[in-house]
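Here's the structure we're looking at; comments come further down.
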Amino acid sequence: MTKEYVKGDLPEKAAILQRDGETYAIAPHIPGGIIYPETLRKIADISEKYGAAALKVTSAQRIAIVGLKEEDLDAAWGELGMSPGAAIGLCVRSIKICPGTTFCKRGKQDSVGLGLKLDKKYHGMQLPSKFKMAVSGCPNSCSETSIKDLGIMGTAKGYNLTVGGSAGPSPRLGDLVAKGLSEEQVLDLVEKIINFYKGYGKPKRLGKVIDEIGLEKFKEEVGL
Numbered sequence: 001m002t003k004e005y006v007k008g009d010l011p012e013k014a015a016i017l018q019r020d021g022e023t024y025a026i027a028p029h030i031p032g033g034i035i036y037p038e039t040l041r042k043i044a045d046i047s048e049k050y051g052a053a054a055l056k057v058t059s060a061q062r063i064a065i066v067g068l069k070e071e072d073l074d075a076a077w078g079e080l081g082m083s084p085g086a087a088i089g090l091c092v093r094s095i096k097i098c099p100g101t102t103f104c105k106r107g108k109q110d111s112v113g114l115g116l117k118l119d120k121k122y123h124g125m126q127l128p129s130k131f132k133m134a135v136s137g138c139p140n141s142c143s144e145t146s147i148k149d150l151g152i153m154g155t156a157k158g159y160n161l162t163v164g165g166s167a168g169p170s171p172r173l174g175d176l177v178a179k180g181l182s183e184e185q186v187l188d189l190v191e192k193i194i195n196f197y198k199g200y201g202k203p204k205r206l207g208k209v210i211d212e213i214g215l216e217k218f219k220e221e222v223g224l
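Residue numbering for the sequence shown follows UniProt numbering, beginning at 1 and increasing consecutively.
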């Protein structure tokens, strides 16, 4: 008797099985959710060519191409010429960024510039569990910094940093651990936090790690 083949996600093709059990969604990486007309046209043309059911703008500032056949995945990725967004797996997901001083009249800090630097360095990095980051340019926090593993919020006096936030089945607000940071200080502290988290090794979200060891111990470990 031959074993029945059961479909699932295809991480090697960055493809997520859809509810119909037959088709897949892929999500090209769009750093900061900033995209230009020619790229939008290319995504639309390729989606139409391969019979996608829909294009879904995701909460992580990606555009998911939904309803592709498995046999078309390689061709679609090849024609897109874009890297996949880190939508699945134990890694740093796409960094969520608000418009900041680049576009928004309320911006206090350059969330786009800082966020793109973080995205370039960390997006897709393998870690003990999934890890979400967000950068906002003002206290309105349109990128939802308080529910990210690492949230960076711009103020008139610099950036504030929160750690350990998450949504999902066990929501947790991030703990405020630093205020009034420069961009350079943020980058340095993010590196220390990532290195600590890598070294901790347990497959738990950062908030659960902080709850396990205590906030003061965490701050000591990362030099705060």
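The beta carbon of each residue, even a glycine, is placed where N, CA and C say it ideally should be.
**Request:** Go ahead and pull the three-state DSSP assignment for residue 168.
**Result:** On the sequence shown, residue 168 is found 168 positions in, with the first residue counted as 1. Correct three-state label for residue 168: coil.
**Simplified DSSP assignment, three categories, for residue 210** = Reading the sequence shown from its first residue, position 210 is the one you call residue 210. Three-state DSSP puts residue 210 in a helix.
**Asked** Considering only the beta carbon of each residue, do residue 18 and residue 27 sit closer than 8 Å?
**Response** To locate residue 18, count along the sequence shown from 1; it is residue 18. To locate residue 27, count along the sequence shown from 1; it is residue 27. Their beta carbons are not under 8 Å apart, which means residue 18 does not touch residue 27 by this criterion.
**Request:** Throw me the rounded Cβ distance for the residue 112 and residue 102 pair, which I believe falls under 8 Å.
**Result:** Stepping through the sequence shown from its first residue, residue 112 is reached at position 112. Stepping through the sequence shown from its first residue, residue 102 is reached at position 102. Sure, about 4 Å apart at Cβ, within 8 Å.
**Item:** Burial state of residue 95, where buried means 16 or more other Cβ atoms lie within 10 Å
**Value:** Locating residue 95 in the sequence shown gives position 95, where the first residue counts as 1. Counting Cβ neighbours within 10 Å, residue 95 comes out buried, since at least 16 surround it.
**Message:** Tell me the rounded alpha-carbon separation between residue 158 and residue 109.
**Reply:** Reading the sequence shown from its first residue, position 158 is the one you call residue 158. Reading the sequence shown from its first residue, position 109 is the one you call residue 109. C-alpha separation (whole angstroms): 7 Å.
**Asked** Is there contact between the region 195 to 204 and the region 140 to 148, where contact requires at least three CB pairs shorter than 8 Å?
**Response** no
**Request:** Give the DSSP-derived three-state secondary structure of residue 199 in the structure shown.
**Result:** Along the sequence shown, one-based indexing puts residue 199 at 199. Helix.
**Request:** Return the bridge partner residues of residue 21 from the DSSP annotation.
**Result:** Stepping through the sequence shown from its first residue, residue 21 is reached at position 21. In the DSSP output, where bridge partners are listed per residue, residue 21 has none listed.
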